[in-house]
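Peer 1:
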Amino acid sequence: MFALSDPNDHDAQQQELKFSCTHKVEFFCDTCQAFYCNDHCDFVHSIEGLEGHARIIIENFNESAKALDHEQPKPTTDKQTEFLTDWKSNNLLFVSPHSQVMEKGLKWINTGLSETDPFLLASFAGPTGAGKSMLVRYLAEGEHIPVSSNSQTDAASSDINCYNGRLPKDNSKFLIFDSEGKGAEVINQTIKHTQSCIDPDQLSYRRRFIDTCYPRLLYLFSDVFIYVYNQSAQNSVDVISHLLSYAEDSSVSTINQPTKPHLIVVYNKATNITSYDVTEASNKIFPPDSDNKELVELRGHYKTLNAIFIPPGKSFHPGTDVVQFQDLDQFSKQMIKFKYLVHRLLESACLVKTNKTLYNRSHMMGYMSKAINILNVKALGTIDIYHMTKSMEGVTSFIYEFFKCIYNQNICKKMTPVSAFDNAYKAIQERTGDIIYLYCKRNQILSPVRGQTLPESLNKVFQEAYDKIMDSMPCDSVHPKISDLRCETVRSCHTQEINHKSTQTVKKQRRFLMFNLGETISFTNEKWYSSGHVPFGDYKTLAAYASDNLPTYLLDDNQVTQNRRPLLLNKDLAPSNNVCFGCLLAHPTQPRKCGHMFCSDCCEESPIKCPICDTDSPWINSQVPKYANTRVLSIEGIGGVRGIAQAIAINHLEHLLYDIPISRLVDLIVGSGSGGLVALGISGSDGKSSRMIEFYNDLNKVQIYPFGGVPIVKNVTKFICRAIYKRDSFNNVLSKHLPENNKKYLLQVQASTPGSAHVAVTAATNFDGSNKLTLFSSYHLPRKACLKYDVLNTSIFNAALATSATPGFIDSHTINGITYTDGSSLALSPCHIALHEADRLFQRPCDLFITITTGKWNNTQTQKQNDIITVGDKTVDAFTESKTQWKSFNTHLKETNSKTLPYRINPRFKNGYEYEENWRTEEIVKEASDFYGITNLGELSNIANHLLASQFYLDAIVTSLNGSITFTIKCRLSPTDYERRALSGLLSTTPFQVSGIGFDQQAVFHEAQLQPSFSQQFTINNLDRHTWKHIDIKCKLYVGSGTTNGQYFSISGSPLSFEKIFE
């Protein structure tokens, strides 16, 4: 036996053993605290009394010693330097004392993974002093590994450090994140070693990062989440409660997380261990058959729940500070089991992530960077991984789309295809620097400078875009006899031996002497033969051009903006629905008044002037607030003259609601036929229902029936003229009553009006041989193959003519060579379309859905016979179709468990009014006014009160450590909507009441604020978050007839579950 004076001096131990014995060290005896070769180990432990000593092989000893033997560095200069060197090498994130937000350390640039490696992450969390760093040292490989701490309050780690590990099965690399323990002091080792004067009060800003931001990042991106307890945590019930609280805090405000982590709970430095088996330990802490509510909820946060007990491994000699190994044999065995468990769970994640771009290192670090930006602004900010992934897709197609736009613009300028291509490619080259900067900024990648390489993902994008553009290069072969003709066949369509072709027309005037004979000769569709494609230029690839023109230093936002401005300015460039011209990185979803469209990021960067045409075109963000839901208005068609009754219904609703225009009270308006006309007339900045009433009254003056409703005269006139209005007369009246500049402005300009609803109208076309539905809308969304209709943009005036082109009412309308008719033939009631478009546009549930029909006659049999239209071979019975569609809509709501409240405004007429009987306008007005003002005032008041309640929503929600929660109620209406109206005074009277399940305390309301916009806070105290269910906020404002009987409508998005608040 070879005992040693200093059991911690491992090098000396091995040297002493080698001095006494030349054999290789094979074992370490835990009891003897000595090393042995194989022969000496057998000899010594054959002695009586020594047979039961625990011995471990030297490889396991070295691994255990690696984990146990690194003490916290002493505050000497050398140790400080050593610590800071390790910290700088491994620091991933730290809270900067200057900016007081998270910034990236050196490890972010070099994580040890390539861009295409699967992103595998094991993260450690737990209270300070639990021994996280010891476990990290056991898993990590490399020169720099973390130090340990003997303190229960001082953090051994500083911020978030990153280390590398390797899976034994396929040698795949994985990352290990070690963070400061939750609840640790705000002063960590880095601060101690770098600052001479430390004031904890001045470092209090770090608290939200340690306790909230770091845990959220670790939970969101980890594959294996390891929570470490020390020996003091023995009660499993308390542990489950604590773990659930930690999981809820970590997953708060996180949605669309692609995968959940596995959980490993490590009882470190544990004593009185009853079982060392991982399965038995897991079943003990997390009983599989338990109906414990908290345990059930905890399982919902993780893929699997695992537990393991690890003994101390070392201790101090009594009365001294000398460290000795303790039960190292069992410690070594448990550490091996721990490593095997981590590797096994990571390997299961690796099977899912390998060869999937979504999960590679480049993309996942990009998502993490976006999350860091969100958390820097707001610790409880919403993180949506799905939308992050979508923002990083499709860049190649956007670059190519921009190239096509420039190319087409050049062709319109009468350039030859060759010159147009050349000019467009140069425009792309000039934008590469722009693309690099914005791509890196939005995906949180360090932007390269001269001498550095492009990010691998961006280099791939440039190469794919270059290949796509080059495939579209026109041939430069010249016609052998006509020098003005050049081949138009693109390179990708040429073969080795081909016939060149040009569709250009060359005109040549015939002359005789000095006389011009005026005769021209035209050459069209000329063909000629030569060998192969003739290139007209040797173009440098986009990646090579970008690399050669990288800046010599990092540019700031102001410099980039100045450099971009001349590249963007192109007043002749036609608007595109397929690419954001501002960045070439995203779909354009935000319309500007000038007609150009951009992504929301570009709009935020340039909110006032359009970057393309430099006109004043302020951006209006029309997104629905986070905790609010949508309101949708659907207006049916085949009303003809009865469209005036629909306008009167809206007028009565507006009058009940303080004369606020309906377009400011809902989020989306969809109409078909006559309903489409009404929808367009009531939308936009100057949309008014009264204007559409005037429109139908003015139409009465231009209809071409000479003797009103004399049947024989009416039928003869319809046969001869095909419609009851002359096109020019109808157009003049329509243009007068639609929003201003309706012939010039696109529908998408409607969305640039603050507070105004989006609008969409239907039309039908037979362009491709099938009767197909088209939607003209004020918004643009990426095309989805599953849509059964096209969504297009056009001018307000064109959309109105297309949707109202009902046979016998007005002629069909042609836009860009395509003929459109009334969309009512395919969607008389656009309720299904309206709900689907609202879901696509806002991605929020719908609070209330209102549909307005064209009315019901007292004599329904007569209505069935007369209230019909025929378009081509399709005949539509308006009465039956309206009821059928509404029944189908309600069935859909029930089947999908929707909480949407549907309302159907269906006026009843004593007399029958056919859609073309325009001379009976006054009769319709009187009947409709009586119906809405007297007969149906109660129902209309009910709808008005629900609409009024939906104007309010929850905004900021703040929780405190003492269990209180403060809510802020805001109003969608602008001050101009409620000032100078009775509503302004009512808003100052606390018009809300609060109820819910899970608490019985009274809400304490604070004083309401009316400027710059309405807001009112209230607080509920002493709440146990684990018993909360939901909160319901009612609006006590009431308009119209009747009494409330204490029944009020909930504000938008309410009742709101607390699960959603903390998701």
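So for the sequence shown, the UniProt record's numbering puts the first residue at 1; every next one is plus one.
Glycine included, every Cβ here is placed at the ideal spot set by N, Cα and C.
1. What does a CB cutoff of less than 6 angstroms around residue 990 pick up in its chain, not counting 5 residues either side in sequence?
2. What three-state label does DSSP hand residue 619 in the structure shown?
3. Please report how far the alpha carbon of residue 825 lies from the alpha carbon of residue 881, in whole angstroms.
4. List the whole-angstrom C-beta distance separating residue 454 from residue 574, where the pair is believed to meet the contact cut-off of C-beta under 8 angstroms.
5. Which first and last residues belong to the beta strand (DSSP E) in which residue 902 is found?
6. Could you check whether residue 949 and residue 968 sit closer than 8 angstroms to each other, using their CB atoms as the reference points?
7. Pull up the CB-CB distance for residue 657 and residue 982, whole angstroms please, since I reckon it's below 8 angstroms.
8. Do you know how far the Cα of residue 941 is from the Cα of residue 1036?
9. Alpha carbon to alpha carbon, how far is residue 952 from residue 1047? Give it in angstroms, no decimals.
10. Would you call the stretch 577–587 in contact with the stretch 450–464, where contact means no fewer than 3 C-beta pairs closer than 8 angstroms?
11. Enumerate, from N- to C-terminal direction, the unbroken beta strand (DSSP E) stretches of 3 or more residues contained entirely within the stretch 95–179.
12. Among the residues of its own chain, which have a CB less than 6 angstroms from the CB of residue 628, if the five just before and after it don't count?
13. Is residue 96 near the ligand GTP, with its Cβ less than 7 angstroms from a heavy atom?
14. DSSP has residue 763 in a bridge; who is on the other side?
15. Assign residue 412 to one of two classes, buried (16 or more other C-beta atoms within 10 Å of its C-beta) or exposed (fewer than that).
16. On the CB-based measure, 16 or more other CB atoms within 10 Å of its CB, does residue 793 come out buried or exposed?
17. Report buried or exposed for residue 446, applying the criterion of at least 16 other Cβ atoms within 10 angstroms of its Cβ.
18. Could you please give me the residues that DSSP links to residue 474 through a beta bridge?
19. Of the choices 246, 228 and 226, whose alpha-carbon is the least far from that of residue 213?
20. With distances taken from CA atoms, which of 117, 277, 302 and 375 is nearest residue 333?
21. Is residue 811 helix, strand or coil by DSSP?
22. What does a CB cutoff of less than 6 angstroms around residue 1014 pick up in its chain, not counting 5 residues either side in sequence?
23. Closest to residue 345 by CA distance: which of 168, 482 and 289 is it?
24. Any chance the stretch 885–904 sits against the stretch 820–839, with 3 or more Cβ pairs inside 8 angstroms?
25. Near residue 339, what residues of its chain come up, given a Cβ to Cβ distance below 7 angstroms and the 5 sequence neighbours on each side ignored?
26. Roughly how many angstroms separate the alpha carbons of residue 912 and residue 900, rounded to a whole number?
27. Are residue 1075 and residue 678 closer than 8 angstroms when you measure CB to CB?
28. Within a Cβ cutoff of 8 angstroms, which residues of the same chain sit near residue 166, ignoring the five residues on either side of it in sequence?
29. With distances taken from CA atoms, which of 369, 399, 401 and 474 is nearest residue 415?
30. Quick one: Cα of residue 819 to Cα of residue 813, how far?
31. Assuming residue 761 and residue 725 are in contact, meaning their beta carbons sit under 8 angstroms apart, how far apart are those beta carbons, in whole angstroms?
32. How many angstroms separate the CA atom of residue 777 from the CA atom of residue 580?
33. According to DSSP, simplified to helix, strand and coil, what is residue 533?
34. Measuring straight from C-alpha to C-alpha, what distance separates residue 618 and residue 592?
35. In three-state terms, what does DSSP make of residue 549?
36. State the start and end residues of the unbroken beta strand (DSSP E) segment that holds residue 1031.
Peer 2: Result, derived from the coordinates:
1. As a position in the sequence shown, residue 990 is number 990, starting the count at 1. Residues of the same chain with a CB within less than 6 angstroms of the CB of residue 990, apart from the 5 flanking positions on each side, are 1005 in chain order.
2. Mapped onto the sequence shown, residue 619 falls at position 619. Correct three-state label for residue 619: coil.
3. As a working mapping, residue 825 is identified with position 825 in the sequence shown. As a working mapping, residue 881 is identified with position 881 in the sequence shown. It is roughly 10 angstroms from the alpha-carbon of residue 825 to the alpha-carbon of residue 881.
4. As a working note, residue 454 is residue 454 in the sequence shown. As a working note, residue 574 is residue 574 in the sequence shown. Under the criterion of beta carbons closer than 8 angstroms, residue 454 and residue 574 do not qualify as touching, at roughly 31 angstroms.
5. Along the sequence shown, read from residue 1 onward, the residue named residue 902 stands at position 902. Note, residue 902: beta strand (DSSP E), 901–905.
6. Residue numbering aside, residue 968 sits at position 968 when the sequence shown is read from its first letter. Residue numbering aside, residue 949 sits at position 949 when the sequence shown is read from its first letter. No, the Cβ-Cβ distance between residue 968 and residue 949 is not below 8 angstroms.
7. What you label residue 657 is simply residue 657 of the sequence shown in a count that begins at 1. What you label residue 982 is simply residue 982 of the sequence shown in a count that begins at 1. Not quite, the Cβ-Cβ distance comes to about 11 angstroms (not below 8 angstroms), so this is no contact.
8. For this step, residue 1036 is matched to residue 1036 along the sequence shown. For this step, residue 941 is matched to residue 941 along the sequence shown. Cα-Cα distance, rounded: 14 angstroms.
9. Taking the sequence shown and counting its residues from 1, one reaches residue 1047 at position 1047. Taking the sequence shown and counting its residues from 1, one reaches residue 952 at position 952. Each residue's alpha carbon lies about 17 angstroms from the other.
10. Contact between the stretch 577–587 and the stretch 450–464 is absent, because fewer than three Cβ pairs lie under 8 angstroms.
11. You should have 102–104, 121–125, 160–166 and 173–179.
12. Taking the sequence shown and counting its residues from 1, the one referred to as residue 628 is at position 628. Annotation for residue 628: 953, 1052 and 1053 place their beta carbon closer than 6 angstroms to its own, counting only its chain and skipping 5 residues before and after.
13. Judged by which ligands are present, the structure shown has none, so any question about the ligand GTP falls away.
14. Residue mapping note: residue 763 aligns to position 763 of the sequence shown, counting from 1. Per DSSP, the beta-bridge partners of residue 763 are 774 and 822.
15. Stepping through the sequence shown from its first residue, residue 412 is reached at position 412. Exposed, by the Cβ-count rule.
16. Taking the sequence shown and counting its residues from 1, one reaches residue 793 at position 793. Buried, by the Cβ-count rule.
17. Taking the sequence shown and counting its residues from 1, one reaches residue 446 at position 446. Around the beta-carbon of residue 446, fewer than 16 other beta-carbon atoms lie within 10 Å, marking it exposed.
18. Taking the first residue of the sequence shown as position 1, residue 474 is located at position 474. According to DSSP, residue 474 bridges with 490.
19. The sequence position of residue 213 within the sequence shown is 213, counting from 1. Checked all of 246, 228 and 226; the closest Cα to residue 213 is 246.
20. As a working note, residue 333 is residue 333 in the sequence shown. For residue 333, the closest of 117, 277, 302 and 375 by C-alpha to C-alpha distance is 277.
21. Along the sequence shown, one-based indexing puts residue 811 at 811. In this structure, residue 811 counts as coil in the three-state DSSP scheme.
22. On the sequence shown, residue 1014 is found 1014 positions in, with the first residue counted as 1. The answer, listed in chain order, is 971 and 987.
23. Taking the sequence shown and counting its residues from 1, the one referred to as residue 345 is at position 345. Residue 168 is the option with its Cα nearest to residue 345.
24. Cβ pair count under 8 angstroms is three or more, so yes.
25. Locating residue 339 in the sequence shown gives position 339, where the first residue counts as 1. Excluding sequence neighbours, residue 339 sits near 138 and 139.
26. On the sequence shown, position 912 is the one that residue 912 refers to. On the sequence shown, position 900 is the one that residue 900 refers to. C-alpha separation (whole angstroms): 33 angstroms.
27. With the chain covering 1 to 1063 only, the question about residue 1075 has no answer from this structure.
28. For the purposes of this step, residue 166 is taken as residue 166 along the sequence shown, with counting starting at 1. Cβ neighbours of residue 166 beyond the five flanking positions: 141, 172, 173 and 174.
29. Residue mapping note: residue 415 aligns to position 415 of the sequence shown, counting from 1. If you compare the alpha carbons of 369, 399, 401 and 474 with that of residue 415, the shortest gap goes to 474.
30. Counted from its first residue, the sequence shown places residue 819 at position 819. Counted from its first residue, the sequence shown places residue 813 at position 813. If I take the Cα positions, the gap works out to 6 angstroms.
31. To locate residue 761, count along the sequence shown from 1; it is residue 761. To locate residue 725, count along the sequence shown from 1; it is residue 725. Incorrect: roughly 19 angstroms between the Cβ atoms, too far for contact.
32. Residue 777 sits at position 777 when you count from the first residue of the sequence shown. Residue 580 sits at position 580 when you count from the first residue of the sequence shown. The alpha-carbon of residue 777 is positioned some 18 angstroms away from that of residue 580.
33. Your numbering for residue 533 matches position 533 in the sequence shown. Confidence is the limiting factor: at residue 533 the pLDDT is only 48, short of 50, which leaves the residue's position unreliable, though a coordinate-based value still follows. Judged by DSSP in its simplified three-state form, residue 533 adopts coil rather than helix or strand.
34. Numbered from 1 along the sequence shown, position 618 holds the residue referred to as residue 618. Numbered from 1 along the sequence shown, position 592 holds the residue referred to as residue 592. The alpha-carbon separation between residue 618 and residue 592 amounts to approximately 7 angstroms.
35. For the purposes of this step, residue 549 is taken as residue 549 along the sequence shown, with counting starting at 1. It is coil, neither helix nor strand.
36. Here the question's residue 1031 lines up with position 1031 in the sequence shown. Residues 1030–1035.
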